[in-house]
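See structure below.
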Amino acid sequence: MEHYELPLVFFTVFAQWGIGGVLALTLCQHFSSATFSAKQHRLLALLFWIVMVIGSLASLVHLGTPGGAYRSLAGLGESWLSREVVAFILLNGAMFCWLALVWLKPNHYLVRILGGVTALVGLASILVTSQVYYQMALHPLWHTVATPVGFLGTAVLLGFMSVAVAYGYWYSAFSTLCRGGIVLGIVLSAGALWVRYHVPGADAASPLLWWQLCASLCVAVWGVSRLRYGVHSWAWVALIVTGELAGRMLFYSNVMSGAPWF
């Protein structure tokens, strides 16, 4: 029987997408020659915040009793799961403050600083989440460098592709910084897959893997090759999201379908 753990799938993919979006938007808005208008900046910030909220709500569904999340404070010294809960509480707080500042004063110098801080907190949160799985030495498919690398790859790929599509949609142009970010995301994601599927027990025959390869990596490679012509359809992002969701479903089911898995 397959165990896809869909709340965790949506939590990890959407949270990482939101984090990558903040990172990409902050870097591109302040270091690219072409920048978004105040209205466009607000809309993109709102998009990434909504994506993060969806991911966070999915994590609450997985908890079952969200009201008991405060108990995580008691395990900070010994539990990576407790650290993950606290990390995402801090991340959601930082991201809301960033969104509020972008919405009220998009040209304020603190937007850059708060965006950078939020992105750093987000990247740290991704590493904390990856450690929840990496620490399980009994499960080689999780206890591998592919886990943190793959999670970071999802964030970078989805974040920079989203901002690249926004450039194409509004300006029919592209950002060199975005192109570099997408390439980095492809390298991280492909590298993680390469490592994971050299671990005994990896299900290389699963349709989920092949959908991830086609809808995520192949679409991303095709998209980055077309940036100079203006990639303006959000269908590119939607396809990559489905590919990342498929890959994350396999990440969980490949281990949790075994009995016992803990």
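Numbering (the numbering used here), first residue to last: -5 to 256.
All C-beta atoms in this analysis are idealised placements derived from N, C-alpha and C, irrespective of residue type, glycine included.
| Query | Result |
| --- | --- |
| So is residue 15 buried or exposed if we call it buried at 16+ other beta carbons inside 10 Å? | buried |
| Got a sec? Which residues, its chain only, sit under 7 Å from residue 21 by beta carbon, not counting five neighbours each side? | 171 |
| Straight-line CA distance for residue 255 to residue 45? | Confidence at residue 255 is low in this model, with a pLDDT of 48, below 50, so its placement is unreliable and no value can be given for it. |
| Under 8 Å by Cβ, that's how I've got residue 95 and residue 105 pegged, so tell me the actual separation to the nearest angstrom. | 5 Å |
| Give me the Cβ distance between residue 135 and residue 55, rounded to the nearest whole Å; I'm assuming they're in contact under 8 Å. | Contact doesn't hold; Cβ gap of about 24 Å is too wide. |
| For residue 5, count neighbouring C-beta atoms within 10 Å of its own C-beta (all shown protein chains included) and say buried if the count is 16 or more, exposed if not. | buried |
| Under 8 Å between the Cβ atoms of residue 141 and residue 127? | yes |
| Rounding to the nearest angstrom, what Cα-Cα distance links residue 30 and residue 190 in this structure? | 38 Å |
| Are the Cβ atoms of residue 3 and residue 243 separated by less than 8 Å? | yes |
| Would you mind giving the Cβ-Cβ distance between residue 109 and residue 97, rounded to the nearest angstrom? I have them listed as a contact below 8 Å. | Not a contact, Cβ separation roughly 13 Å. |
| For residue 94, does the three-state DSSP call read helix, strand or coil? | helix |
| Are there 16 or more other CB atoms within 10 angstroms of the CB of residue 107, so buried, or fewer, so exposed? | exposed |
| With a CB to CB cut of under 7 Å and the five nearest residues on each side skipped, what residues in its chain are close to residue 186? | 140, 143, 144, 147 |
| Whose CA, out of 125, 152, 18, lies closest to the CA of residue 76? | 125 |
| Does the Cβ of residue 87 have 16 or more other Cβ atoms within 10 Å, making it buried, or fewer, making it exposed? | exposed |
| Taking one C-beta from the segment 177 to 185 and one from the segment 151 to 165 each time, how about it: are there three or more such pairs within less than 8 Å? | yes |
| Using beta-carbon positions only, say whether residue 204 and residue 159 come within less than 8 Å of one another. | no |
| Could you give the DSSP three-state label for residue 129: helix, strand or coil? | coil |
| Would a C-beta distance cut-off of 8 Å place residue 17 and residue 39 closer than the cut-off? | no |
| Cα-Cα, which of 51, 129, -2 is closest to residue 72? | 129 |
| Return yes when the Cβ of residue 169 is within less than 8 Å of the Cβ of residue 53, no when it is not. | no |
| Between which two residues does the alpha helix (DSSP H) containing residue 6 stretch? | 0 to 25 |
| What residue from 235, 220, 13, 221 has the CA that sits closest to residue 116's CA? | 13 |
| Residue 11: buried (16+ other C-beta within 10 angstroms of its C-beta) or exposed? | buried |
| Go ahead and pull the three-state DSSP assignment for residue 223. | helix |
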